[in-house]
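S.K.: Could you have a look at this structure, given as structure tokens, before my questions?
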Amino acid sequence: MDKGTPSFDAVIVGAGFSGMYMLKSLRDKLGLKVKVYEAGDTVGGTWYWNRYPGARCDSDSYIYCYTFDKQLLQEWEWSERYPEQDEILRYLEHVAKRHDLKRDIQFNTRVTGGEYDEASNLWQVHTDKGETVTARFLIPAVGTLSYANIPQYKGLEKFRGKWYHTSNFPKEGVDFTAKRVAVVGTGATAVQAIPEIAQQAKQLVVFQRTANYCVPARNGKVDPELVKARKADYDNIVKRIRESFFGQEHYFIPKSALEVSREERERELDKRWDTGGFAFWLANYQDMFFNKEANEVIADYLKRKIRATVKDPKVAEKLIPKGYYYGTKRQPLDTNYFETFNKDNVLLVDAKADGPIEEITEKGIRAGGKEYEVDVIVFATGFDAMTGPLKALNLKGRGGRTLDKEWAEGPHTYLGISVVGFPNLFAITGPQSPSVLSNMPVSIEQHVDWVTDCIDNMRKTGKTIIEATRQAQDQWVAHVNEVVNMTLMTSANSWYMSANIAGKPRAFLPYLGPEGVGGYRKKCDEVAAKGYEGFALS
Ligand code: FAD
Ligand code: NAP
446 MDKGTPSFDA VIVGAGFSGM YMLKSLRDKL GLKVKVYEAG DTVGGTWYWN RYPGARCDSD
506 SYIYCYTFDK QLLQEWEWSE RYPEQDEILR YLEHVAKRHD LKRDIQFNTR VTGGEYDEAS
566 NLWQVHTDKG ETVTARFLIP AVGTLSYANI PQYKGLEKFR GKWYHTSNFP KEGVDFTAKR
626 VAVVGTGATA VQAIPEIAQQ AKQLVVFQRT ANYCVPARNG KVDPELVKAR KADYDNIVKR
686 IRESFFGQEH YFIPKSALEV SREERERELD KRWDTGGFAF WLANYQDMFF NKEANEVIAD
746 YLKRKIRATV KDPKVAEKLI PKGYYYGTKR QPLDTNYFET FNKDNVLLVD AKADGPIEEI
806 TEKGIRAGGK EYEVDVIVFA TGFDAMTGPL KALNLKGRGG RTLDKEWAEG PHTYLGISVV
866 GFPNLFAITG PQSPSVLSNM PVSIEQHVDW VTDCIDNMRK TGKTIIEATR QAQDQWVAHV
926 NEVVNMTLMT SANSWYMSAN IAGKPRAFLP YLGPEGVGGY RKKCDEVAAK GYEGFALS
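As structure tokens, this is what we get:
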């Protein structure tokens, strides 16, 4: 191969929502030669891997989809407010077929490394199939929640039963009937899985390290008239979610929770509780994320709901969140979660107060000096979020620099898209962009469109290399931290703060901009309009 002629214009890693649209955009809009590598055996990403019982989206389905294909927005019919995993996977398969994506995706192939070759200014990309290809642009669309956190418990290898992580569930499912099951974790995943598993299992033991504030999802069929009205209004909906704070049609109450009467506040909170979904979290009083007292009155509402639902007061107390502010950890949406702890076959172990998990034994889990015998363990222990999948690519930028080293104190990016010393690398929904704090398809489409325009612009202006400048990156990192430090978000031991992974440097991973997704989009557009301000182009 000629040293200057790459195998591909662009290599994309991952074929979830991000990688699929990135391929579509670069190939069909710009006519580039593109190759996608995907570790799974089909498209879907999150919705391919997360097959645990109860897995469904928490974003409302009418906005948890692509908006680039206007015809599809009209044609596709979601069965429920929050469709299940298999339905979302079917949707993504449909998109892949409709846009003939699979011909450029190599499945069952993991990218294991890559180096930026400063002589040819190309990325060399290696796969676990022993291939090496070159590309002008390397686009990790590897997802933010795709690198499983499997705690390294002593004794796991000795366990005689079966164990699974929720993000790698067997395709054929797991039959829990007549089984004694343990679920470790009580995050958004566990909150969906626990009620489903409890219905099947003979006995379910839930190991909770941190209790969670949950709000009812209120799933169900959507009124056909509302579906019709939304379809008729999609152009405006898309505009609104793009300009919104969280990529959703939720807006803060422009008041302090403390300035209104208790009656008014209760009325507002009841409304959001009854609506279900993210409204309670993302359309609440505006000072909830800043002011401790405001936060506490809202938290108190949710604590009362737990006490009213859980019959055994001792169990209810264990399920009451403590030690962090409401909303600073991702709020799970639930369907009969707290009710499940009223069932005779469900036992809650407080893996903090009663003693942490000490080891996995041949027969089960030992925690707080007691052995719980089980046949199946489900680890709903989450992910090495955002930086995990990017670091796992083992990339080497200029001078052999690695993300491990560059990010030893947490992620350092420009706009969450680019990293100094890693030219022509574009991360989709990377750290320090709104990403996981938004309805993700909105942020994914924004990044893909921005990257596509950037590459198009480079071609038109005869540039072949783009790289963030140190100054722009430093300023962005400072801005990201400055903004989040004004909120309560940094006080929690959340995965947003990298606190779920032992040894991970404590840093806030996404970008919580003062104007959210809409403001961030404006900033990215301004950067482009100013000739890619903060980037060096050559
Ligand atoms: P992913 O869907 O994670 O896809 C990344 C792909 O990259 C994966 O298929 C992976 O196999 C592949 N990959 C990674 N590394 C490599 C490698 N080295 N080589 C080859 N392939 C690789 N977001 C919302 O906005 N609303 C929701 O309701 C919502 N629900 C969620 C539910 C669950 C259970 C989870 C885990 C996440 C949820 N999310 C939700 C976040 C969700 O991840 C995003 O909405 C979206 O699916 C991300 O798409 P993606 O393509 O960026 O990443
Ligand atoms: P998570 O929120 O990180 O929750 C993991 C749970 O496991 C937490 O309760 C955590 O406790 C516990 N845990 C982790 N390590 C542990 C250990 N060593 N010992 C004991 N307990 C341990 O992960 P998740 O529930 O998979 O969710 C991750 C994210 O995926 C969500 O926040 C959300 O963004 C997305 N998600 C979305 C949906 C949806 O939208 N439908 C559904 C599922 C997931 P601590 O809290 O103490 O760390």
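Residue numbers (my numbering): 446 to 983.
Quick reminder that beta carbons are idealized off the backbone N, C-alpha and C, glycines included.
Computed from a prediction, not measured in an experiment: that's the story for all the values here.
#1: In this structure, does DSSP put Val742 in helix, strand or coil?
#2: For Val794, which residues does DSSP report across the bridge?
#3: Among Pro528, Lys841, Pro856, whose alpha-carbon lies nearest the alpha-carbon of Lys666?
#4: Unbroken alpha helix (DSSP H) runs of length 4 or more, entirely within the region 765-832: which are they?
#5: Between Val636 and Asn613, is the Cβ-Cβ spacing less than 8 angstroms?
#6: In this structure, what does DSSP give as the bridge partners for Gln569?
#7: In angstroms with no decimal places, state the Cα-to-Cα distance between Val488 and Val540.
#8: Alpha helix (DSSP H) containing Asp680: first to last residue?
#9: Please report how far the alpha carbon of Arg904 lies from the alpha carbon of Thr897, in whole angstroms.
#10: Between which two residues does the alpha helix (DSSP H) holding Phe725 run?
#11: Helix, strand or coil: how does DSSP classify Asp447 here?
#12: Would you report the Cα separation of Leu567 and Ile550, rounded to the nearest angstrom?
#13: Go ahead and pull the three-state DSSP assignment for Lys949.
#14: Is Asp503 near the ligand NAP - that is, is its Cβ less than 7 angstroms away from at least one heavy atom of it?
#15: Kindly indicate the opening and closing residues of the beta strand (DSSP E) around Tyr507.
#16: Taking only heavy atoms of the ligand NAP into account, decide whether any of them is closer than 7 angstroms to the Cβ of Gln637.
#17: Taking the C-alpha atoms as reference points, what is the distance between Arg654 and Ala872?
#18: Consult DSSP for Gly961 and reduce its assignment to one of helix, strand or coil.
#19: Since Val791 and Val651 are thought to touch, with beta carbons under 8 angstroms apart, how far apart are those beta carbons, to the nearest angstrom?
#20: Less than 7 angstroms separating the Cβ of Ile802 from some heavy atom of the ligand NAP?
#21: Would Glu854 and Ala973 qualify as a contact pair, given that the criterion is a beta-carbon distance under 8 angstroms?
#22: Apart from the five residues on each side of it in sequence, which residues of its chain come closer than 6 angstroms, Cβ to Cβ, to Asp987?
#23: For the alpha helix (DSSP H) containing Phe462, list its first residue and its last residue.
#24: Report all residues from its chain with a CB closer than 8 angstroms to the CB of Ser701; omit the five preceding and five following residues, and keep chain order.
#25: Among Asp919, Glu816, Phe691, Glu560, which has the Cα closest to the Cα of Thr847?
#26: Which residues in the same chain as His610 place their Cβ atom closer than 6 angstroms to its Cβ, once the five residues preceding and following it in sequence are excluded?
#27: Of the choices Glu563, Asn495, Ala484, His544, whose alpha-carbon is the least far from that of Arg843?
#28: Thinking Val556 and Tyr482 are a contact (beta carbons under 8 angstroms), I'd like their distance in whole angstroms, please.
#29: Excluding five sequence neighbours on each side, which residues of the same chain lie with their C-beta closer than 6 angstroms to the C-beta of Gly618?
#30: Within 10 Å of its beta-carbon, does Leu860 have 16 or more other beta-carbons around it, so buried, or fewer, so exposed?
#31: Could you check which residue in Met931, Arg717, Ser943 has the C-alpha nearest to that of Tyr746?
#32: Less than 8 angstroms between the CB atoms is what I'm expecting for Phe828 and Ser591, so what's the real figure, rounded?
#33: Taking His695 as the reference, give the member of Ala947, Ile508, Thr773 with the closest Cα.
M.R.: So, from the listed chains and residues:
#1: Position 297 of the sequence shown holds residue 742. Correct three-state label for Val742: helix.
#2: By 1-based counting over the sequence shown, the position of residue 794 is 349. Listed as beta-bridge partners of Val794 by DSSP are Phe652.
#3: Position 221 of the sequence shown, counted from the first residue, corresponds to residue 666. When each option's Cα is compared against that of Lys666, the closest is Pro528.
#4: The region 765-832 contains these whole alpha helix (DSSP H) runs: 782-785.
#5: Residue 636 sits at position 191 when you count from the first residue of the sequence shown. Residue 613 sits at position 168 when you count from the first residue of the sequence shown. Their beta carbons are not under 8 angstroms apart, which means Val636 does not touch Asn613 by this criterion.
#6: The sequence position of residue 569 within the sequence shown is 124, counting from 1. DSSP, once it has assigned bridges, lists Glu560, Thr579 as partnering Gln569.
#7: Position 43 of the sequence shown holds residue 488. Position 95 of the sequence shown holds residue 540. The straight-line gap separating the alpha-carbon atoms of Val488 and Val540 is approximately 10 angstroms.
#8: In the sequence shown, residue 680 corresponds to position 235, counting from 1. 679-688 is the span of the alpha helix (DSSP H), which, as asked, contains Asp680.
#9: As a first step, residue 904 is located in the sequence shown; it is residue number 459 there, counting from the start. As a first step, residue 897 is located in the sequence shown; it is residue number 452 there, counting from the start. Arg904 and Thr897: Cα-Cα distance of roughly 11 angstroms.
#10: Here residue 725 refers to the residue found at position 280 of the sequence shown. From DSSP, the alpha helix (DSSP H) with Phe725 extends over 724-727.
#11: Working through the sequence shown from its first residue, we reach residue 447 at position 2. With a pLDDT of 42 at Asp447, under the threshold of 50, the modelled position of this residue cannot be trusted; read the value that follows with caution. Here Asp447 sits in coil by DSSP.
#12: As a first step, residue 567 must be located in the sequence shown, where it is residue number 122. As a first step, residue 550 must be located in the sequence shown, where it is residue number 105. Inter-residue distance for Leu567 and Ile550 is about 20 angstroms (C-alpha atoms, whole angstroms).
#13: Indexing the sequence shown from 1 puts residue 949 at position 504. Here Lys949 sits in coil by DSSP.
#14: The residue labelled residue 503 in the question sits at position 58 within the sequence shown. Asp503 Cβ: within cutoff of the ligand NAP.
#15: Translated into positions along the sequence shown, residue 507 becomes position 62. For Tyr507, no beta strand (DSSP E) run applies, since DSSP gives it neither H nor E.
#16: Translated into the one-based positions of the sequence shown, residue 637 becomes position 192. Within the cutoff, so yes.
#17: As a working note, residue 654 is residue 209 in the sequence shown. As a working note, residue 872 is residue 427 in the sequence shown. Approximately 32 angstroms, taken between the alpha carbons.
#18: As a first step, residue 961 is located in the sequence shown; it is residue number 516 there, counting from the start. Correct three-state label for Gly961: helix.
#19: In the sequence shown, counting from the first residue as 1, residue 791 sits at position 346. In the sequence shown, counting from the first residue as 1, residue 651 sits at position 206. The distance from the Cβ of Val791 to that of Val651 is about 7 angstroms, consistent with a contact at the 8 angstroms cut-off.
#20: Here residue 802 is taken as the residue at index 357 of the sequence shown, counted from 1. Result yes, Cβ under 7 angstroms from the ligand NAP.
#21: Working through the sequence shown from its first residue, we reach residue 854 at position 409. Working through the sequence shown from its first residue, we reach residue 973 at position 528. No, the Cβ-Cβ distance between Glu854 and Ala973 is not below 8 angstroms.
#22: It is not possible to answer for residue 987, since the shown part of the chain is limited to 446 through 983.
#23: Start at 1 with the first residue of the sequence shown, and residue 462 comes out as number 17. DSSP places Phe462 inside the alpha helix (DSSP H), whose first and last residues are 462-469.
#24: As a first step, residue 701 must be located in the sequence shown, where it is residue number 256. These residues qualify, in order along the chain: Tyr730, Gln731, Asp732, Asn736, Ala739.
#25: Taking the first residue of the sequence shown as 1, we reach residue 847 at position 402. Ranking Asp919, Glu816, Phe691, Glu560 by Cα distance to Thr847 puts Glu560 first.
#26: On the sequence shown, residue 610 is found 165 positions in, with the first residue counted as 1. Within the same chain, Cβ atoms closer than 6 angstroms to the Cβ of His610 are found at Ala593, Ile595, Phe824, the five residues on either side in sequence being excluded.
#27: For the purposes of this step, residue 843 is taken as residue 398 along the sequence shown, with counting starting at 1. Comparing Cα positions, the closest option is Glu563.
#28: Position 111 of the sequence shown, counted from the start, is the residue given in the question as residue 556. Position 37 of the sequence shown, counted from the start, is the residue given in the question as residue 482. The pair is a contact, with the Cβ atoms about 5 angstroms apart (cut-off 8 angstroms).
#29: By one-based count along the sequence shown, residue 618 stands at place 173. By the criterion of a C-beta distance shorter than 6 angstroms, Gly618 is surrounded by no residue of its chain, once the five residues flanking it on both sides are discounted.
#30: Along the sequence shown, one-based indexing puts residue 860 at 415. Answer is buried; the Cβ neighbour count reaches 16.
#31: Stepping through the sequence shown from its first residue, residue 746 is reached at position 301. The candidate whose alpha carbon is nearest that of Tyr746 is Arg717.
#32: The residue given as residue 828 occupies position 383 in the sequence shown. The residue given as residue 591 occupies position 146 in the sequence shown. For Phe828 against Ser591, the beta-carbon gap comes to about 7 angstroms, under 8 angstroms, which counts as contact.
#33: Within the sequence shown, residue 695 is the residue found at index 250, counting from 1. Nearest C-alpha to His695: Ile508.
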